[in-house]
Amino acid sequence: MIVAARRNLVVRNTVNTHTNAKNPSFIGISCRNLELVNSVMDRQILASSSSSTSGNSANPPPPEDAWFNTYLKLIPQWQSVHTVDQDLLEMIPVEISRVNQVDAGRLDVEMSAMLKEQLVKVFSLLKPGMLFQYEPELDAFLEFLIWRFSIWVDKPTPGNALMNLRYRDERAVEPRVKEERHWKLYTYASTYILIVRMGLEGPGLTVSQKIWYCIATVGGQYIWARLQSFSAFRRWGDTEQRSLARRGWFILQRIEGFYKAASFGNLLIFLLTGRYRSLTERALRARLVYGSPNMNRSVSFEYMNRQLVWNEFSEMLLLLLPLLNSSSLRKVLRPFSKDKSSNSEGDDALCPICQTTPTTPFLALPCQHRYCYYCLRTRCASMSFRCSRCSEPVVAMQRHGDCVSSET
-6 MIVAARRNLV VRNTVNTHTN AKNPSFIGIS CRNLELVNSV MDRQILASSS
44 SSTSGNSANP PPPEDAWFNT YLKLIPQWQS VHTVDQDLLE MIPVEISRVN
94 QVDAGRLDVE MSAMLKEQLV KVFSLLKPGM LFQYEPELDA FLEFLIWRFS
144 IWVDKPTPGN ALMNLRYRDE RAVEPRVKEE RHWKLYTYAS TYILIVRMGL
194 EGPGLTVSQK IWYCIATVGG QYIWARLQSF SAFRRWGDTE QRSLARRGWF
244 ILQRIEGFYK AASFGNLLIF LLTGRYRSLT ERALRARLVY GSPNMNRSVS
294 FEYMNRQLVW NEFSEMLLLL LPLLNSSSLR KVLRPFSKDK SSNSEGDDAL
344 CPICQTTPTT PFLALPCQHR YCYYCLRTRC ASMSFRCSRC SEPVVAMQRH
394 GDCVSSET
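Residue numbering for the sequence shown is -6 to 401, as defined by our numbering.
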């Protein structure tokens, strides 16, 4: 029993050493190989023990280090299995969530927009429109800051950090054979091996890749924005311009169309393979992979639910408010109001309809409340008109200070 326990411990340590020391992200399961080695060692130990019990004089007992000698003989077989596992590992590509990559890019764009909004507020007291002519420089400055404190120092961008992603140099870990799935069940020497790659291996971007990434994203976008604004300001696209300007405008339009077509093709390839969400990443072979094996994905829909509720509520108000008559609503709610200050001298000095001081004041009969002549006359055209202050039916109107009344 002690010999068998020692043998199992040594074999287990050997398996862990061969599978984890060289590649920590490699997970290999070769159960049939382990059973084969154990069975061979068990047969040798049982043979030696049976021979020793049958006759000590004819067959002397095996030495105490017999199990260790057997283990040394089986090391080449373990090494061959590990070599095959490494070859199969290089044949299996890594699958990264496409949703995480797209969300990371969108979060980076929103982060840049937030920084730009805060920076524009700093210059809000300056002359209006002065900052508009320097907008390309402002965008380039913000993009350079994000690149300087994230990619240049081997850290993920804000969006990549939230999605647990990082850039790696795909040239150093490019698989030799491309497969469609990230795991597969292989058969080698009647042994089933299940291999899984987690995408944590591989170095980061090199210095040249970082510099070219900055040139393409920061410098390229700035130069293109300046060319677009300059050509539009100079009116290169007008028919009456000279041939050189028209040719420059034609070249810009062709370049823009080619870039959009290439971006669309890259998007289709990205959706198919899950690699390189932009042309810059594809040209530099800078791929997004997972940054850590564990990630807390606590999805909260509280903000989304609140936004949906307020959107529906605002749409309902925009639909119902034009259908409501404010004066009619006040008439309906006035009898239920506890505020009796409407009969005060200050409120009675204003017309309850237009809320201004009457130029030609008239009184509504029989309640004697003062109105403008035009407001009261137009309301008295309806037989169902009631006073806006006391909700009494108005049967006539009288000029303020006169004793003569006119019936409606």
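No residue lacks a Cβ here, since even glycine has one placed at the ideal position from N, Cα and C.
(message) Pull the bridge partners of glutamine 202 from the DSSP assignment, please.
(response) According to DSSP, glutamine 202 bridges with nothing at all.
(request) Please classify leucine 314: does DSSP put it in a helix, a strand, or coil? (result) helix
(message) My assumption, with CB atoms under 8 angstroms, is that methionine 390 sits in contact with cysteine 373. Please give the rounded CB distance.
(response) 6 angstroms
(message) Taking 6 angstroms as the limit between beta carbons, can you name the residues of its chain near glutamate 400, skipping five residues before and five after?
(response) Unreliable placement is indicated for glutamate 400, whose pLDDT of 42 sits below 50; the coordinate value is still reported in the next sentence. The residues are Ala389.
(request) Mind reading off the beta-carbon distance from proline 351 to cysteine 360? Whole number of angstroms is fine, and I expect it under 8 angstroms. (result) So it is not a contact: roughly 16 angstroms between Cβ atoms.
(request) Kindly indicate the opening and closing residues of the alpha helix (DSSP H) around cysteine 347. (result) Per DSSP, cysteine 347 belongs to no alpha helix (DSSP H) and is neither H nor E.
(request) Assign threonine 150 to buried or exposed, taking buried as 16 or more other Cβ atoms, counted over all protein chains shown, within 10 Å of its Cβ. (result) buried
(request) For glycine 197, I'd like the list of residues in its chain whose CB is within less than 8 angstroms of its CB, leaving aside the five on either flank, ordered along the chain. (result) Asp147, Arg159, Tyr160, Arg161, Asp162
(request) Would you tell me roughly how many angstroms separate the C-alpha atoms of phenylalanine 294 and tyrosine 127, rounded to the nearest one? (result) 38 angstroms
(message) Is it buried or exposed, alanine 467, if we count other Cβ atoms within 10 angstroms and call 16 or more buried?
(response) Residue 467 cannot be examined here, being either before or after the span of the chain that is shown, -6 to 401.
(request) Please list the segments of the beta strand (DSSP E) lying wholly inside the stretch 78 to 166, counting only runs of 3 or more residues, in order along the chain. (result) 158 to 162
(request) Kindly provide the ranges of any beta strand (DSSP E) runs that are 3 or more residues long and lie completely inside the stretch 245 to 316, ordered along the chain. (result) 279 to 283
(message) Just to confirm the assignment, what range does the alpha helix (DSSP H) spanning arginine 379 have?
(response) Note, arginine 379: premise wrong, no alpha helix (DSSP H); not H, not E.
(request) Would you list the one or two residues that DSSP bridges to cysteine 365? (result) Pro354
(request) Keeping to the same chain, check which residues put their C-beta closer than 6 angstroms to that of phenylalanine 378; ignore five residues upstream and five downstream. (result) Arg372, Val387
(request) Could you tell me how far apart the beta carbons of lysine 109 and aspartate 132 are, in whole angstroms, since I believe they sit closer than 8 angstroms? (result) 7 angstroms
(message) If you follow the alpha helix (DSSP H) that alanine 418 is in, where does it begin and where does it stop?
(response) One cannot answer for residue 418 here, as it falls past the ends of the chain, which runs -6 to 401.
(message) Can you tell me where the beta strand (DSSP E) holding arginine 219 begins and where it ends?
(response) Run containing arginine 219: none in the beta strand (DSSP E); it sits in the alpha helix (DSSP H), 213 to 227.
(request) State whether the stretch 250 to 258 contacts the stretch 273 to 288, with contact taken as three or more CB pairs (one from each stretch) at a distance under 8 angstroms. (result) no
(request) Could you check if tryptophan 303 is buried or exposed, using at least 16 other CB atoms within 10 Å of its CB as the buried criterion? (result) exposed
(request) Report the three-state DSSP secondary structure of proline 386 (helix, strand or coil). (result) strand
(request) Take the Cβ of phenylalanine 223 as the centre, count every other Cβ of all protein chains shown within 10 Å, and call the residue buried at 16 or more, exposed below. (result) exposed
(message) Would methionine 156 and asparagine 93 be called neighbours here (beta carbons separated by less than 7 angstroms)?
(response) yes
(message) Counting C-beta neighbours from all protein chains within 10 Å, is the total for cysteine 24 16 or more, i.e. buried, or is it exposed?
(response) Only weak support exists for where cysteine 24 lies, its pLDDT of 46 falling under 50; the value from the coordinates is given anyway. Under this definition cysteine 24 is an exposed residue.
(message) Is the beta carbon of isoleucine 89 closer than 7 angstroms to that of glycine 267?
(response) yes
(request) In angstroms with no decimal places, state the Cα-to-Cα distance between glutamate 305 and leucine 316. (result) 18 angstroms
(message) What does the alpha-carbon distance come out to for the pair threonine 180 and isoleucine 68?
(response) Because threonine 180 carries a pLDDT of 41, less than 50, the predicted location of this residue cannot be relied on, and no value is offered for it.
(message) Closest to phenylalanine 355 by C-alpha separation, out of Ser375, Cys380, Met376, would be which residue?
(response) Cys380
(message) Can you find the residues in the same chain that come closer than 6 angstroms, C-beta to C-beta, to glycine 230, ignoring five residues on each side of it along the sequence?
(response) Trp242
(request) Please work out which residues of its chain come closer than 7 angstroms, Cβ to Cβ, to tryptophan 205, disregarding the five sequence neighbours upstream and downstream, and give them in chain order. (result) Leu277
(request) Using alpha carbons as the reference points, say which of Trp217, Arg363, Leu261 lies closest to glycine 394. (result) Arg363
(message) On the CB-based measure, 16 or more other CB atoms within 10 Å of its CB, does threonine 210 come out buried or exposed?
(response) buried
(message) Residues in the same chain with beta-carbon distance under 6 angstroms from aspartate 58, minus the five sequence neighbours each way, listed in chain order, please.
(response) none
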